[in-house]
Amino acid sequence: MKNHAELSETFNKDEQRVNWHDETLWWVRQKRDKASHLIPDWELLRETASQIKHNVLSNLGNYLEQFEQNAIKNGITVHWAADAKEHNEIVHGLLKKHGITQMVKSKSMLTEECHLNHYLEEQGINVVDSDLGELIVQLAKEPPSHIVLPCIHKKKEEIGDIFHEHLGSAKGEANPQILTETARIHLRNTFLSRRAALTGVNFAVAETGEFVVCTNEGNADMGAHLSDIHIASMGIEKLIPQRKHLSVFLRLLTRSATGQPITTYSSHFKKPRPGQEMHIVLVDNGRSVQLGREDFRNSLKCIRCGACMNTCPVYRRSGGHSYHTAVAGPIGSILAPNLDMKQYSDLPFASTLCGSCSNVCPVKIDIHTQLYKWRQVIVKAGYSDKKKTLAMHGMAKTLASPTAYRLAGKAGRWVIKHTPFAVSNPLNPWYKQREMPEAPKESFGEWYKKNRG
Amino acid sequence: MQLTLFAKQRGSPSDSEGGVSKIARRQVINKTNMTSRDRILADVRRNQPPLVAAPDITAWENKAHSAEVLLQTFATVAGNVGGKVVLVDNVDDIKSHLNIPEGGRVLTTLPELLDVADDAALFAGNAPHDLANVDLAILRAEFGVAENSALWLTEKLMGTRVLPFICQHLAFVVNAKDIVPDMHAAYVRTAGTDHGFAAFIAGPSKTADIEQSLVLGAHGPRSLVIFVVLG
Amino acid sequence: MLQICKMKVGLFIPCYVDQFYPKAAIATLELLEKLGVEVDYPAQQTCCGQPMANSGYEHLTGGCNELFVDNFAGYDYVVSPSGSCALHIKEHLHSHDKEEAATGIRNKIYELTEFLTDVLKVEKLDARFPHRVGLHQSCHGQRGLKLAQMTELTAEPYSKPGSLLNMVDGVELVTLNRADECCGFGGTFCVAEEAVSAKMGKDRVADHEKNGAEYITAADLSCLMHMEGILKRQKSNVKVIHIAEILNGVKETVA
């Protein structure tokens, strides 16, 4: 399995494409800036959202029970899944019970996390992703590369080829307008013929037992309102205490995500329509463990806006797939090690710790601080390179001793020997695209001794 | 899902902290037989941090705004998100702005418009799929939100839940006096009301999934007109 | 300007500045002395420990930390021409037996430009640098020490290094397309993630070049070293220079 560095090296083989990817996402970041700067109290709004989420995490047990009670009262069936496997089995069980073999799905990063599509396909269930971006990556047999913009890594010409192959659009057609229309016609038939629809959940309200799904396309609603059975999958951290708190989150979510003032549709599902079944699957899958990690629990405040990805200078130049996990980018890099520390031990290191992610986060998750802390945890757990550990022990010893440090030699010698970037040879990664600094005649320490000593 | 009695009885987070009770001990003993529900709740309660209060958001809810600015903002933002605002003196005036193609299927929930459109209520009991060929739906919105041009509709105002999503074109009717400043005011306004389904809708259906180019009419309406009744 | 006599400043010169960029360290020393500060350079100093800590080996920095506390506990202020190293000390310096002294240092360590604006309250400088200058906002100084307003936030703009550069005769600050994007150095990131690191550096340098900078300056030499490596490989005419050298009044011949 390739790590982030290897995958991003591959991504960087085509520099023009990296430029395009970077510019496209930077444009989204700029839209976010424009939208957020229009709200004078933006920083206070972030702080308010953060505090609400802290309250949620500190009282999650009660909110979950309260939500369950109210949802049941509303006529919704509530299921609990301890892990991905149980979630997938619950969904499959519901479909099986109704003899349903085809399902339409709107965007749910949780189902990506659980690899639901793959599981259902193995059980003989046909799943169609209805979000345009998700449909594109599904047809391309790829995972989404971004939680809000699933096919941001694909060029329109490539999408045109995919649609030509799978949906019969004209060969060479790459006009987004025409491609979208092609998908619209294709998916309209899908919506009209599927008895089961699965949606994600953006927010669930403990006070009322309702849940809110936000889309721009209207695909969640098309699926849900035309289906006999609506299944909504949600992570247990998606709860908020009261309905009025939606105001804070709906103001923040889309401005942070795409720079829109709100998504086109913010749908509040409270009761099934007459004759319809509505199910909610509450999924833990490691969240309760993360809740117990004091340094990392507040990653569960995340509302999946993707702003940290759009602003991340590394993400923009490495692409979502380089993170080899369902949720990419900075937030993914602090969530994934909780699920599998070994497999994702590279991700907290896929950052310069520049801190831009923490600044754009609408719920004020200290993402870059958590990246730093995960590094410590991962090294202590033994998931770091042995050679690096040896080098670090040597470095620690020298830097703890001024004598050893000075004995190591005159200007530049120690640094040249011990810092990985300073060796001037073609095998050194530093030297591939950069010259090394020139060592001066004397170090500052030596100069000081002569001139001020 | 089974709701086991002992799990239901467990109340506040402090219960799990000082859990010397019989209930807690039974939970440990029965861990292998516990339902996922019980296990998740037990794990959450064991791991959640000490209770911190939710912030008071009333200050956000009590901001004053002038009505004229609200309408202006509402119209500007609606335009920005791909919608169009038309000011009318009364609901009857809407008819002069409608351009319904020959044989087009138009549904409405407004009694004043029944001479130009069919009553959406007539189809409320039918399968929602019957609405797949609706060209235009004209629906009353309960109120609009200036900061994002979203309109609030409960399912009662939709006729059928799927209608505002499945129609090819959509028109909303809202009173000028029913435009609130922001989402805080919006939720104050909906407090205490009940619905099975409701939505904020801002602009026509859209996507920018292909290279961030904006396309209107992804799955839902290709266009949205909002008639703001001044009277 | 406030003349603070008897103030004793311990000068912390990070290891790579000591060994690769002594000019920046000399400029820092001279500038502080010119401003009437008594500066001392503890000879036993080595490093802040960040190279280990950022690699996940903070648990190995104990010896480095104790040495730092021994070297700097006795000063009124600790000043360093590196935002990144200053931030690391501010956030992570602890001591086994001398925690009080460590806390003291965490509270009195300053990056050079913030020391000039916040403590010395410098309002004018006797320096001339008639060039178009691009200011690179190094991330740890920018988002960690808050040396300048961050573009992500909805808040009043300010810039401590920017305001100081504007006191230098002849400096023309260029406007960048991305005012505070990371240069991609990131410590061991620069080799562990070579492809992305180098690409970030190339893009950052290009922004300065496109907007007509003759010099790229910063309050952090690690970023400048990274960008200099790229500029030299590209045989660019754009040079890097530490902000202390500009503020100290660099001689044309030296530049």
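Residue numbers (this note's numbering), protein chains in the order written: chain A, 1 to 453; chain V, 1001 to 1231; chain P, 2001 to 2255.
In this text, a Cβ means the ideal position worked out from N, Cα and C, and glycines have one as well.
No experiment lies behind these values; they were computed from the predicted model shown.
Compute the distance between the beta-carbons of V2017 (chain P) and A2027 (chain P), then report whether it is under 8 Å. no
Whose C-beta lies closer than 6 Å to the C-beta of V1028 (chain V) among residues of the same chain, with five residues either side of it excluded? The predicted position of V1028 (chain V) is uncertain, since its pLDDT is 44 and thus under 50; no value can be drawn from it.
Short CB-CB distance (under 8 Å) between A1120 (chain V) and chain B: You won't find chain B in this structure, because its protein chains are A, V and P.
Counterpart residues of E2172 (chain P) in DSSP-defined beta bridges: P:R2132
Exposure of Q51 (chain A), with buried meaning 16 or more beta-carbon neighbours within 10 Å: buried
Considering only C-alpha positions, which residue in the set P:V2240, P:K2232, P:S2055, P:E2214 is nearest to S2222 (chain P)? P:V2240
Alpha carbon to alpha carbon, what distance is there between M392 (chain A) and I2045 (chain P)? Strictly speaking, residue 2045 (chain P) in this sequence is Gln, with Ile absent from that position. The alpha-carbon atoms of Q2045 (chain P) and M392 (chain A) are separated by roughly 19 Å.
Are any of the Cβ atoms in chain P nearer than 8 Å to that of V18 (chain A)? yes
Might you give, ordered along the chain, the residues of its own chain that have their beta carbon closer than 7 Å to the beta carbon of C2182 (chain P), omitting 5 neighbours on each side? C2139, M2200
According to DSSP, residues forming a beta bridge with T2217 (chain P): P:L2135, P:I2241
Within the 8 Å Cβ cut-off, does R2128 (chain P) reach chain A? no
Verify the CB distance criterion: does N1047 (chain V) have a CB-CB separation below 8 Å to chain A? yes
Is the Cβ-Cβ distance between L253 (chain A) and Y1187 (chain V) less than 8 Å? no
Can you give me the Cβ contacts of N2211 (chain P) inside the same chain, cut-off strictly under 8 Å, excluding the 5 residues immediately before and after it? G2134, V2174, T2175, L2176, N2177
Within 8 Å, strictly: CB atoms of S322 (chain A) and F67 (chain A): no
Kindly give me the distance between the Cβ atoms of S1149 (chain V) and F1227 (chain V), rounded to whole angstroms, as I take these residues to be in contact under 8 Å. Their Cβ separation, rounded to whole angstroms, is 13 Å, which puts S1149 (chain V) and F1227 (chain V) out of contact at 8 Å.
Look at V128 (chain A) and C151 (chain A) and say whether their C-beta atoms are less than 8 Å apart. no
Which residue spans inside the region 4-45 of chain A form an unbroken alpha helix (DSSP H) run of at least 4? 4-11, 15-37
Any C-beta of chain A under 8 Å from that of K1206 (chain V): yes
Name the DSSP bridge partner or partners of Y2110 (chain P)? P:V2079
Outcome for R452 (chain A) when other beta-carbon atoms lying within 10 angstroms are tallied against a minimum of 16: exposed
DSSP puts E1068 (chain V) in a beta bridge; with which residues? Per DSSP, none; premise fails for E1068 (chain V).
Under 9 Å from the C-beta of Q376 (chain A): neighbouring residues of chain P: A2053, G2056, Y2057, E2058, H2059
Assuming G1217 (chain V) and R188 (chain A) are in contact, meaning their beta carbons sit under 8 Å apart, how far apart are those beta carbons, in whole angstroms? Going by Cβ atoms, the distance from G1217 (chain V) to R188 (chain A) rounds to 11 Å, so no, they are not a contact pair.
Is there contact here, the region 307-320 of chain A with the region 261-272 of chain A, by at least three beta-carbon pairs under 8 Å? no
Comparing C-alpha positions only, which one of A:T48, A:E47, A:L57 sits nearest to L1051 (chain V)? A:L57
Assign T199 (chain A) to buried or exposed, taking buried as 16 or more other Cβ atoms, counted over all protein chains shown, within 10 Å of its Cβ. buried
Give me the subset of the region 257-273 of chain A whose CB atoms are less than 7 Å from a CB atom of chain P, sorted by chain position. none
S1096 (chain V): first and last residue of the uninterrupted alpha helix (DSSP H) it sits in: 1094-1097
CA-to-CA distance, E1068 (chain V) to H368 (chain A), given in whole angstroms: 44 Å
Mapping the DSSP letters down to three states, classify V1028 (chain V) as helix, strand or coil. Annotation note: pLDDT 44 at V1028 (chain V) (below 50); position unreliable, coordinate value reported separately. V1028 (chain V): helix per DSSP, three-state reduction.
Closer than 7 Å by beta-carbon distance: list the chain A residues that pair up with N1039 (chain V), in chain order. One point to set straight first is that residue 1039 (chain V) is Arg, not Asn, in the sequence displayed. Simply A82.
Scan the region 1139-1225 of chain V and note each continuous alpha helix (DSSP H) run of 4 residues or more that stays entirely inside, going in chain order. 1155-1158, 1163-1166, 1183-1190
Taking H2226 (chain P) and G2184 (chain P) to be in contact with their CB atoms under 8 Å, please state how far apart those CB atoms are, rounded to whole angstroms. 7 Å
For a test of the three-state rule: what should DSSP assign to N126 (chain A), helix, strand or coil? strand
For G985 (chain V), return the contacting residues in chain A, with the cut-off set at a CB-CB distance below 7 Å. Because chain V spans 1001 through 1231 in this model, residue 985 (chain V) falls outside it and cannot be assessed.
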